[in-house]
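J.: I am attaching a structure below and will ask some questions about it afterwards.
There are 2 protein chains.
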Amino acid sequence: MLVAVDCIIFGFDGTHLKLLLIQRAFQPEAGNWSLMGGFVQPDETLPKAAARVLKKLTGIADVYLEELSAFSHPERDPIERTLSVPFTALVDIQQYETQITDDYHAGWFDINKYPKLIFDHREMVEKAKARLRYKAAFHPVLFELLPAKFTIPQLLNLYEEVYDISMDKRNFSRKILSMDLLEKLNEKDKGNSKKGAWLYRLNKKKYKANFHKVASIIPNPDIHYS
Amino acid sequence: MLVAVDCIIFGFDGTHLKLLLIQRAFQPEAGNWSLMGGFVQPDETLPKAAARVLKKLTGIADVYLEELSAFSHPERDPIERTLSVPFTALVDIQQYETQITDDYHAGWFDINKYPKLIFDHREMVEKAKARLRYKAAFHPVLFELLPAKFTIPQLLNLYEEVYDISMDKRNFSRKILSMDLLEKLNEKDKGNSKKGAWLYRLNKKKYKANFHKVASIIPNPDIHYS
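Taken in sequence, the protein lines are chains A and B.
The first sequence runs 752 to 977 under my numbering.
The second sequence runs 752 to 977 under my numbering.
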């Protein structure tokens, strides 16, 4: 059996959560939109293959990658039986945008409005979205999507986008700051208002140490997750 | 590449959480302890292969199976490159015990004290344990390990065993009953005391409907999970 990986690459442009897709360069389904993927090489583990595919096709390295459960339907690839393991990648869209769009036939799409995809790739994207919602309810994973310096309103906007909800600004701010993961900078972002909003950065040490600690981040975790 | 599944089968004997292992019948490592596994067949998905392996080797069907992330090191199997996807299976040990031990070279071991396993199977077991701890903190998954009728003290004992902690009986009882998943029966279990303990059963409809709802079940979720 052939074994492949496919990358579901999420980025946040400050307003919307986006998905990076490529136009497939070979048959079957050449020219159609697809996730970025590739076969696992003889010397690679699955995570190494996913990191290589991501690096090769986008220039992006050292990003958050999470393995999802495998897609194994015997006829999912019409040419030859291929097992595919999807990986969610969370990238800072601002840092890499130019590099990506210059080098490949790739495009960022809104996660709620993206084109028809080949094979079972749509199912992979929906699974990755559900998994991101589940994970981000308890772990500070969404920071991976933000630039090095960010404001609390940007972070709030990201949570609202991921969960498709409105959140109370003051409660959100209090909860996030009480997690003791952020460092306030002596700088303001004045892009959105005259008064401006304080910029923060992630304390990487605390983030790493506390990532696996469970904390309820969204206000109402009593909703259904798949 | 060959693709296999391996089953990490957990059972609860009323006191301890147990792991079902078999003595491997073929080379390499014949006679050594191993998880139950098998190659994925041409017409099977991974979950179907796991269900088949479980059924064939134990007689157990229709049990809770959860896919874990794949084990893909290029040299994990010394004969030929084999990707293995582990599945956690939760079974009612009382229902199946005789069937299993009569038909196969199998044995139940304490999850904290089991023999040396072949290949990377120990790592699979430890990953399955960590995953079970994580999952059971938010979802009522441990009911899968109990017989059809059980007492609250049995359930408490199971949670204490899985997390290796002591829990307050009254708080636990209140939290579990407030989840509205249990039906009190007009029957007592008098195995452990003269006074006896009321027997309960799971409301399967509510269990299914509420499984993916997130509820903090253990008292202190602020501990590290992997």
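Glycine is no exception: its CB is placed at the ideal position from the N, C-alpha and C atoms.
Counting only beta-carbon atoms, is A:D973 nearer than 8 Å to chain B?
T.: Confidence at A:D973 is low in this model, with a pLDDT of 49, below 50, so its placement is unreliable and the value that follows should be read with caution. A:D973 counts as touching chain B.
J.: Report, in whole angstroms, the separation of the C-beta atoms of B:A821 and B:L834, which I expect to be a contact under 8 Å.
T.: Yes, B:A821 and B:L834 are in contact; Cβ-Cβ is about 6 Å, under 8 Å.
J.: Is the CB-CB distance between B:L753 and B:E831 below 8 Å?
T.: Contact: yes.
J.: Looking at C-alpha atoms only, which residue of A:R775, A:S929, A:Y914 is the closest neighbour of A:R921?
T.: Cα-wise, what sits closest to A:R921 is A:S929.
J.: Between which two residues does the alpha helix (DSSP H) carrying A:Q905 extend?
T.: Element bounds for A:Q905: 903–914.
J.: Using only CA atoms, which one of B:P829, B:W784, B:A755 lies nearest to B:V996?
T.: The question about residue 996 of chain B has no answer, for chain B in this structure spans 752 to 977.
J.: Is A:S820 close to chain B, meaning its C-beta is less than 8 Å from at least one C-beta of that chain?
T.: Yes, A:S820 counts as interfacial toward chain B.
J.: Taking 8 Å as the CB-CB limit, is B:S944 close to chain A?
T.: Not closer than 8 Å to any Cβ of chain A, the Cβ of B:S944 fails to qualify, so no.
J.: For A:S944, which residues from the same chain have a beta carbon less than 7 Å from its beta carbon, with the 5 sequence-adjacent residues on both sides left out?
T.: Counting only Cβ-Cβ distances below 7 Å, and skipping sequence neighbours, we find nothing.
J.: Pairing CB atoms from the segment 954–968 of chain A with CB atoms from the segment 762–773 of chain B, are three or more of them under 8 Å?
T.: As far as the Cβ criterion goes, the segment 954–968 of chain A does not touch the segment 762–773 of chain B, which means the pair count is below three.
J.: Can you say whether B:E795 is buried or exposed, counting buried as having 16 or more other CB atoms within 10 angstroms of its CB?
T.: With 16 or more Cβ atoms within 10 Å of its Cβ, B:E795 is classed as buried.
J.: Taking 8 Å as the CB-CB limit, is B:L906 close to chain A?
T.: Chain A, which has no Cβ nearer than 8 Å to the Cβ of B:L906, makes this no.
J.: Got a sec? Which residues, its chain only, sit under 7 Å from B:G942 by beta carbon, not counting five neighbours each side?
T.: Hits under 7 Å: none found.
J.: Suppose you measure from the CA of A:P825 to the CA of B:P793; what does that come to, to the nearest Å?
T.: Cα-Cα distance, rounded: 7 Å.
J.: Along chain B, which residues have their Cβ under 9 Å away from the Cβ of A:M752?
T.: Simply M752, L753, V754, V791, P793, L834.
J.: Residues of the segment 867–894 of chain B with a CB closer than 9 Å to any CB of chain A: list them in chain order, please.
T.: Listed by position along the chain: Y885, A888, F889.
J.: Please state whether DSSP places B:P898 in a helix, a strand or coil.
T.: Of the three classes helix, strand and coil, the one that applies to B:P898 here is coil, per DSSP.
J.: Tell me, to the nearest whole angstrom, how far the beta carbon of A:A978 is from that of A:K939; I am working on the premise that it is less than 8 Å.
T.: Missing from the structure shown is residue 978 of chain A; chain A here goes from 752 to 977 and no further.
J.: Taking only beta-carbon atoms, is B:T796 less than 8 Å away from chain D?
T.: Of the chains in the structure shown, none is chain D; the protein chains are A and B.
J.: May I ask you to report which of helix, strand or coil DSSP gives A:L816?
T.: Three-state DSSP puts A:L816 in a strand.
J.: Can you look up A:A776 in the DSSP assignment and give me helix, strand or coil?
T.: Three-state result, A:A776: coil.
J.: Could you give the first and the last residue of the continuous alpha helix (DSSP H) run that contains B:F860?
T.: B:F860 -> not in any alpha helix (DSSP H); beta strand (DSSP E) instead, spanning 857–861.
J.: B:A755 lies in the beta strand (DSSP E); which residues open and close that run?
T.: Its beta strand (DSSP E) spans residues 753–763.
J.: Does DSSP put B:K945 in a helix, a strand or coil?
T.: Note: B:K945 maps to coil in three-state DSSP.
J.: Since A:K957 and A:D931 should fall inside the 8 Å C-beta cutoff, what is the C-beta to C-beta distance between them, to a whole number of angstroms?
T.: About 6 Å; that satisfies the 8 Å criterion.
J.: Can the beta-carbon of B:W859 be found closer than 8 Å to that of B:K926?
T.: Not in contact: B:W859 and B:K926 (Cβ atoms no closer than 8 Å).
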